[in-house]
Structures are given as structure tokens and as C-alpha cells.
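If you read the sequences in order, they're chains A and B. Mind the numbering: the first sequence is residues -19 to 107 in the numbering used here, read in order. Mind the numbering: the second sequence is residues -19 to 107 in the numbering used here, read in order. These notes concern the structure reproduced below.
Protein chains: 2
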Amino acid sequence: MNEKLTSSLEDYLEAIYLILKENNTVKAIDVSRKLGVTRASTTEALKKLAQKKLINYGRYDAISITPLGEATAKEVVNKHKSLYEFFRYVLGASDEESQKNACAIEHIISKDVLDRIITFTQNFHKN
Amino acid sequence: MNEKLTSSLEDYLEAIYLILKENNTVKAIDVSRKLGVTRASTTEALKKLAQKKLINYGRYDAISITPLGEATAKEVVNKHKSLYEFFRYVLGASDEESQKNACAIEHIISKDVLDRIITFTQNFHKN
DNA sequence: AACATATGTTAGACATGCCTAACAATAAAA
DNA sequence: TTTTATTGTTAGGCATGTCTAACATATGTT
């Protein structure tokens, strides 16, 4: 049941969550544009996310996020944010580099190492 | 021509390089065991690496690495080592966690951010 | 050398994830 | 409201990467 999401599906879920937060509404095409994929690809991803109970969605239907989906999305967004801040403010990388690497690494880093990075960043800011 | 390797092919090349360094010889089955994949999968990967001139290899033939392949492998190994050291000695993660995360992140981190991590680790050791 | 075991290869299958092109439905404009 | 444009869906294709099972070759043992 509770299988781990693929990087790709995490990206779709994250996009839906972020768009919803800005617009209070999401359309498939917004997701397509945000991720730079075709509408066809988005349709397929939406089906899979709905099957996993992370979003509510039916044919030609509005998209909404479930509580489970929202929790999952928030986790990904937090990972992204934590990594971004580490790259940007601790390592001094550019905004673009920090974003790019956070986007890739957020899907594969372990909780243990991420937590250490978060702690490290906090201590770094204190000193 | 000089297309970037996939994460998977980088793993195979890295394994070949490391086994060669220990044994002075590699067999496909060694690679299979090291990566936890079937012999069939390794055969296919070897074909692709040979096509890209990273290894010398023909049907039922011994495997050797080309200068280009060796250079490429060394880069990956260095990325791995740098990440491992950062996780292990700067963040204080366990050996296993450090290995696991290095294995995954080595394929996707950018040169810019990696270089910053290397510098950071060096400075950390000085203080 | 003959047989047995280990290793390598191939074919065919499956899963993921992307695409294009054609079609369907909805929304906007006339 | 009828037409047009936008958005969503489906079907079919392609690439990657894995697997199993059957077969081929090589290696080791007797």
C-alpha cells in the first residue's frame, strides 16, 4: 500500500501543492508548465497520484490534494527548503545552483543525513 | 557522442574500476555481485559501456577499461569519496548512512556544489 | 577427454516515464 | 449560441533498466 513515491511522482505532487498554495486551485496544465512536461504526461501522473490517495481527481475533474497528499508534499517541500538553505547560505552557492541541486537531491537523501544537515545549518547560523 | 552517462552506467563503470583496482581483473559476474543485479543486466550494461568507448569488451571476452573510462570512473569515485567524508566526518553520520547517501548523490550533484563541499570539508578539518 | 559447474548471452517480459498525434471536453469569444 | 481556443485524454511509440528462463561458452574436475 504505502509504497514510496518515485522521484517523478514526488515532483508532480510537490508542484500541485505549491501551485495550490499560490492559486487556491490547480489545473493539469499548470502542473505541466511548472514541470516542463506535456499534458499527456501530467494526466498519467495524476492518475497514479489519485490511485495512491494523494490527490482527489477524476476524468476532466478538478484536482485537490488529500490530507495524506498534503503531508507528503510538505515533507518534500521541507527537504527542498532545507537543502536549498544549506547550499545557498552555508556553502554559498548561487540561487540557481542551490535550487537545481535541491530539486535533485530532495528525492534521494535519507532522513538521517538530512536531519544532520538541518542541525548543521542551524548551528552555522548561530556562529 | 560524448553524452553524459546515466546513473546506472556510472555505477557499472565505477564497479568495474574498483574491482580492477583490487583484483587486476574483472569478470561480469563480479560486477553483477557488487551491484546486486543479474548477469543479464550486466551484459547489457557492458555493451553500452563498450559502445561509448569506456571499456574494451566483446562477446565472452575479458573486460578492460580504456583511458577515457578510467578517467570517468575516477571522477565518480572522487565524488563518492568527497561526499562520504563530508557525511561521515563533518556531519557525523554512520559509515552505512554515509555510503548509502554518497552512492545516490554522487550521480546527480553538480560540480559547483561538490567543489564547495570539498572546500568546506577541508576547512572543517583545519579547525 | 568427458562431464559438471560456473559464467555469459539472448530473447522476451515488465515497469517507469517521457513523447507525439488524434480526439474529447470545457471554456471563452463572437 | 455557435464557433474557436484551450485544456484534458487516449493510444501508441520510444528509451532505460530490470528481470527470468533458456541456451551458449568457458572452466574445472575426475
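We put the beta carbon where it would ideally sit given N, CA and C, even for glycine.
| Residues of the segment 62 to 75 of chain B with Cβ closer than 7 Å to any Cβ of chain A, in chain order | F67, L71, G72 and A73
| task | Using only alpha-carbon positions, find the residue among B:S90, B:I98 and B:E24 that is nearest to G38 of chain B. | result | Reading the second sequence from its first residue, position 58 is the one you call residue 38 of chain B. Minimum Cα distance to G38 of chain B is reached at B:E24.
| query | Sorted by chain position, which residues of the same chain lie with C-beta nearer than 8 Å to Y64 of chain A's C-beta, five sequence neighbours on each side aside? | reply | Your numbering for residue 64 of chain A matches position 84 in the first sequence. Within the same chain, Y64 of chain A has close Cβ partners S78, Q79 and A82.
| 8 Å contact criterion, which E(-6) of chain B and A53 of chain B should meet: CB distance rounded | In the second sequence, counting from the first residue as 1, residue -6 of chain B sits at position 14. In the second sequence, counting from the first residue as 1, residue 53 of chain B sits at position 73. Right, their Cβ atoms sit about 6 Å apart.
| said: Within the continuous alpha helix (DSSP H) that includes A8 of chain A, where are the two ends? | reply: Looking up residue 8 of chain A in the first sequence gives position 28. Counting along the chain, the alpha helix (DSSP H) containing A8 of chain A begins and ends at A8 to L15.
| field | Sequence ranges, alpha helix (DSSP H) only - wholly within the segment 62 to 94 of chain B, length at least 4 | value | Unbroken alpha helix (DSSP H) stretches of 4 residues or longer found wholly inside the segment 62 to 94 of chain B: 75 to 85, given in chain order.
| request: Would you mind telling me which residues of chain A sit closer than 7 Å to E77 of chain B, beta carbon to beta carbon, in chain order? | output: The residue you call residue 77 of chain B lines up with position 97 of the second sequence. Within chain A, the residues near E77 of chain B are S90, D92 and V93.
| field | Minimum C-alpha distance to V93 of chain B - residue among A:T46, A:Y69 and A:V93 | value | Here residue 93 of chain B refers to the residue found at position 113 of the second sequence. Comparing Cα positions, the closest option is A:Y69.
| query | Start and end of the alpha helix (DSSP H) containing A20 of chain A? | reply | Position 40 of the first sequence, counted from the first residue, corresponds to residue 20 of chain A. Counting along the chain, the alpha helix (DSSP H) containing A20 of chain A begins and ends at R19 to Q31.
| query | In chain B, which residues lie less than 7 Å from F81 of chain A when you measure between Cβ atoms? | reply | Taking the first residue of the first sequence as 1, we reach residue 81 of chain A at position 101. Note that residue 81 of chain A is Asn in the sequence shown here, rather than Phe. Neighbours of N81 of chain A on chain B, chain order: I89, S90 and V93.
| Are any of the Cβ atoms in chain A nearer than 8 Å to that of F104 of chain B? | As a first step, residue 104 of chain B must be located in the second sequence, where it is residue number 124. Not an interface residue.
| Per-residue burial, G49 of chain B [other beta carbons within 10 Å of its own, 16 or more giving buried] | Translated into positions along the second sequence, residue 49 of chain B becomes position 69. Buried.
| message | By DSSP's criteria, K44 of chain A is part of a beta bridge. Which residues make up the other side? | response | Position 64 of the first sequence, counted from the start, is the residue given in the question as residue 44 of chain A. In the sequence under discussion, the amino acid at residue 44 of chain A is Ser, which differs from the Lys named in the question. Looking at the DSSP assignment, S44 of chain A forms a beta bridge with A:N36.
| How about A20 of chain B: is its C-beta nearer than 8 Å to some C-beta of chain A? | As a first step, residue 20 of chain B must be located in the second sequence, where it is residue number 40. Chain A, which has no Cβ nearer than 8 Å to the Cβ of A20 of chain B, makes this no.
| said: For a contact defined as C-beta to C-beta under 8 Å, what are the partners of I97 of chain A on chain B? | reply: The count along the first sequence starts at 1 and reaches residue 97 of chain A at position 117. Under the 8 Å cutoff, chain B gives L71.
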